[in-house]
Structure formats: C-alpha cells, structure tokens
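Worksheet: the structure to be examined is printed underneath.
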C-alpha cells in the first residue's frame, strides 16, 4: 500500500463536512432514550467544535465515541450510514504522521466489500437487480431527501426503466466503479476524488435519497484524495454542505454543482494547454522565459 504524506487539513475538512451535515440534517438532535436531550446538547457542541476548532482529532474521537455507544445501546437507532460516519471520524481521530492513511483505508474497505458483495451476487452480475430497482423507483417515486417528497414523481427512473431492457452492463459498471473507487482510496490515486463524488451524486440524482448520512459523508471523504495545497477553505466546505443538507435541496443540485466544478477545471486545463502550445503556433515567448534561458 502506498503511504501518502499526512494530510491533516484534509482530515479536518472531511470532519467539518460530516459535522455540518450532522447539524443541518437534524441528526445532532435525534438521540434515543431518556438521555436524548443531554446527548443532543453534547453532539451539537462537538459538531460546532469541529467546524471552528483546530482540535479535530479530539473532537472527532468524542463524536465517534458518542455515536458508537448509542449504536451499541440502541438497536432501533442502528443504521449503517451512522456506522460509516462513526468509522470515518474514528479513523480521523486515530491518524498520526506515522499512520496518516487510516481514513483512506476505511473508505477503501467499505467500497471493496460493497463491490465484492455485488460481484458475488448473480442478480447484480446478470442485471436483474438493476432493472428491478430502477422499475421500483419508477413505480414508487422519489426516496426521501432534504427538500424532496417521499413518493414524488421520478422521471429519471421512469425514463431509464423504458430503456434498460438488459441491466447486466449497468450492474457490471457499478461493480467496476466501486472497485475503482476502493483502489483509488487504497493507493491514493489521482482522479479518485472525482470518481467518488460522481458515484454519490449519481445515486442521489437517481433515487432522490441521501441514504441517511451516507451521501454527505461519502462526498466529504473525496477530500481525502485532494492535495493539501488544493484543499478548499473551511467556509466553502461548510457552505456547500449546508446547501446540500438544507431542506431546500433539489436532487439535481449536486449534479449541477459537480458539472460546474468539472466545467471550471476543464477551462483551466484548456487554458493551461493553450499556453503550453503557444510557441508551436509561432507566438513569441517573453525574453528570458524559455526553457533554455539563464537563471
């Protein structure tokens, strides 16, 4: 396994994204049992601390422990998306300069096991699951999402259901994508952040559901594959997460944001390429700026 340089800023941004979603989707207020109110106050304090304090590891450990203890003590509150949030925060809290890769390995393990489970399932390989799932979405409508309505019209699923006669290609593509995302996180590969974000945005766009906290935490973990100098500001992470987690969210909003981001970077890449090609088209370089100029 490739050992990447420690990225404390990436860990902090991931924790800030998770904490923002935990707050603005109301998860910090929903705790079971007679200790619900004190747990809500404590979790809200931990989330606010993750947003504005530099003590990321300690606060992430506190929130992860709180979630873990509640998951263990209340079977009715248990959900895999909460377990995923707990695991990512725990790995962030345990990361050190010697073992900076713990959060990446955690995400890689989740995607690898999900892909392996699908690969071993004949219904995924031959496309039966994909076709039945899309047909059910078309019949039932949208799953729950902030700003959405359970059972609302799902024209995207309806359109796909009329054209997806054989879902084997789609099923194998999902399996391959999850394996690719797992490898990207495991080996810190470039392009993995975009693949991961595309996966979560695609699921949200198709279903209209965030799968609890999985969508928000999943998108936030994309930042684990972004270099320190390219990390967004805390204000941008918090603002975008609020935009996605608020009750005004439309399911196409993440796709539009991802498209705008891709367009922005494609323009940057095109401008960079054109600048590099200028000498080939006879455009003179400024004196002393050529590759053979004296330094």
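Residue numbers (our numbering): 4 to 298. All C-beta atoms, glycine included, are put in the ideal place defined by N, C-alpha and C.
As assigned by DSSP and simplified to three states, the class of residue i
i	result
residue 30	helix
residue 153	coil
residue 19	helix
residue 14	helix
residue 224	helix
residue 4	Below a pLDDT of 50, predicted positions are generally treated as unreliable, and residue 4, at 48, falls in that range; the measurement from the model is reported next regardless. Note: residue 4 maps to coil in three-state DSSP.
residue 36	coil
residue 295	With a pLDDT of 43 at residue 295, under the threshold of 50, the predicted position of this residue should be treated as unreliable, though the coordinate-derived value follows. Note: residue 295 maps to coil in three-state DSSP.
Pairwise C-alpha distance: residue j and residue i
i	j	result
residue 18	residue 243	14 Å
residue 46	residue 181	32 Å
residue 232	residue 11	12 Å
residue 258	residue 209	10 Å
residue 286	residue 217	Residue placement at residue 286 is poorly supported in this model, since its pLDDT is 40, which falls under 50; the coordinates still yield a value, given next. C-alpha separation (whole angstroms): 51 Å.
residue 263	residue 235	15 Å
residue 162	residue 155	15 Å
residue 247	residue 168	33 Å
residue 92	residue 66	8 Å
residue 25	residue 101	29 Å
residue 157	residue 215	19 Å
residue 51	residue 261	27 Å
residue 114	residue 237	27 Å
residue 15	residue 252	25 Å
residue 75	residue 183	32 Å
residue 41	residue 77	16 Å
residue 201	residue 48	32 Å
residue 39	residue 80	12 Å
residue 55	residue 116	34 Å
residue 129	residue 135	12 Å
residue 98	residue 61	11 Å
residue 112	residue 187	11 Å
Contact belief for residue i with residue j at Cβ below 8 Å, rounded distance in angstroms
i	j	result
residue 122	residue 178	5 Å
residue 170	residue 206	Actually they are not in contact, since the Cβ atoms of residue 170 and residue 206 sit about 15 Å apart, beyond 8 Å.
residue 229	residue 196	6 Å
residue 32	residue 22	Actually they are not in contact, since the Cβ atoms of residue 32 and residue 22 sit about 14 Å apart, beyond 8 Å.
residue 90	residue 109	5 Å
residue 240	residue 27	Their Cβ separation, rounded to whole angstroms, is 13 Å, which puts residue 240 and residue 27 out of contact at 8 Å.
residue 63	residue 96	4 Å
residue 141	residue 160	4 Å
residue 145	residue 211	3 Å
residue 106	residue 189	With a Cβ gap of about 12 Å, residue 106 and residue 189 do not count as contacting.
residue 220	residue 88	5 Å
Enclosing alpha helix (DSSP H) for residue i [first to last residue]
i	result
residue 166	Here residue 166 belongs to no alpha helix (DSSP H), and DSSP marks it neither H nor E.
residue 41	39-55
residue 82	Taken as a continuous stretch (DSSP letters only), residue 82 belongs to no alpha helix (DSSP H), as it is neither H nor E.
Cutoff 9 Å: residue i Cβ touching any chain D Cβ
i	result
residue 232	Among the chains of the structure shown, chain D does not appear; only one protein chain is present.
Quick check for students: name the residue ranges of the alpha helix (DSSP H) that lie wholly in the segment 87-159, counting only runs of 4 or more. Within the segment 87-159, the runs of alpha helix (DSSP H) at least 4 residues long that lie entirely inside it are, in chain order, 105-122, 125-128 and 131-143.
Note down, one range per segment and in chain order, each alpha helix (DSSP H) of at least 4 residues found wholly within the segment 186-261. Segments of the alpha helix (DSSP H) lying fully in the segment 186-261: 195-210, 217-223 and 237-248.
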